[in-house]
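**Q** Quick one: the structure is below, and I'll ask about it shortly.
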Amino acid sequence: MCTVIRILLALDGGLVRGALAFVLSAQPDIDVVAQVEPTADVWGRAEALQPDVAVVDMAAVGAGRRFPCRTLVLAAPREARALSAALRYQGHTCGFLGHQVAPDRIVAGVRRLAGGEPVADPELVVAALNRSNPLTDREMQVLQIAATGWPAKEIARELCLSPGTVRNYLSRALSKVGARTRIEAVRIARDAGWIWQ
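Under mature numbering (1 follows the signal peptide of the UniProt record, and there is no 0), read the sequence shown as residues -21 to -1, 1 to 176, first letter to last.
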């Protein structure tokens, strides 16, 4: 009798999520225990259900929170730079595949990740290496949280910084990406894949 891999899906788009759930559930060694929108409380669901692997997109990864299980992130090449930040939080328990890969590659990736093997899409690695990110880790972190619409005081409280320090990080980030406003800086950073949605 084989071990069953329990899966949590947190992907944008019900049709895509449902189709992938169908493919995964057809495997004798995989059980999809939940399907959620990436904007839902994915961490809470993962903590409650204790899946072996969460298959998520960048919107579900969030800023600075580690999933309580192995995580397979499906990402677009433009999001490749943001994968390094996700990897810092997830460590060796995280794998990456392009969001356009064939379903059988996702099935294989789930099995490899569940077995403790690394999963990395060569195209995403190349995309990450070919993009030069001018932002420091802290500037990316502040900009990522600013993308949620939080004011500087709230960002400061979240990161244990002073509001003035947060404003300085934001100002430097705007200057480095060539933006006039915080919203424009967030858009540029997202399009370049330096922060995720």
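Every residue, glycine too, gets a C-beta built ideally from N, C-alpha and C.
What you are looking at is a predicted structure, and each value in this text was computed from that prediction instead of being measured.
(1) State yes or no: is the C-beta of Leu103 within less than 8 angstroms of the C-beta of Ala125?
(2) Let's see if you can read the secondary structure: which residues bound the beta strand (DSSP E) around Arg50?
(3) In three-state terms, what does DSSP make of Ala42?
(4) Since I believe Ala164 is in contact with Arg145 (beta carbons under 8 angstroms), could you give me their beta-carbon distance rounded to a whole number of angstroms?
(5) Secondary structure at Gly157, three-state DSSP: helix, strand or coil?
(6) Could you tell me the distance, in whole angstroms, from the CA atom of Thr167 to the CA atom of Val156?
(7) Three Cβ pairs or more, each shorter than 8 angstroms: is that satisfied between the segment 89 to 98 and the segment 43 to 52?
(8) Buried or exposed: where does Gly74 fall if 16 or more other Cβ atoms within 10 Å of its Cβ makes it buried?
(9) What span of residues does the alpha helix (DSSP H) with Asp83 cover, start to end?
(10) What's the C-alpha gap between Asp170 and Ala55?
(11) Exposed or buried, what is Val105 when buried is set at 16 or more other beta-carbons lying within 10 Å of its beta-carbon?
(12) Have a look at Thr(-19), Gly(-9), Trp175, Arg(-5) and flag the residue whose alpha-carbon is nearest the alpha-carbon of Ile85.
(13) In angstroms, rounded to a whole number, what distance separates the CA positions of Arg161 and Trp175?
(14) Quick one: give me the first and last residue of the beta strand (DSSP E) that Asp36 is part of.
**A** The structure says:
(1) no
(2) First, the residue type needs correcting, since residue 50 is Thr and not Arg in the sequence shown. Unbroken beta strand (DSSP E) run through Thr50: 49 to 54.
(3) Residue placement at Ala42 is flagged as unreliable, the pLDDT there being 48, under the threshold of 50; a coordinate-derived value is accordingly withheld.
(4) Before going further, note that residue 145 is Val rather than Arg in the sequence given. The Cβ separation is near 14 angstroms, so there is no contact.
(5) It is coil, neither helix nor strand.
(6) Residue 167 is actually Ile in this sequence, not Thr. If I take the Cα positions, the gap works out to 7 angstroms.
(7) Because the criterion of three Cβ pairs below 8 angstroms is met, the segment 89 to 98 and the segment 43 to 52 touch.
(8) buried
(9) 82 to 93
(10) 10 angstroms
(11) exposed
(12) Arg(-5)
(13) Near 15 angstroms, if we compare the C-alpha coordinates of Trp175 and Arg161.
(14) 32 to 36
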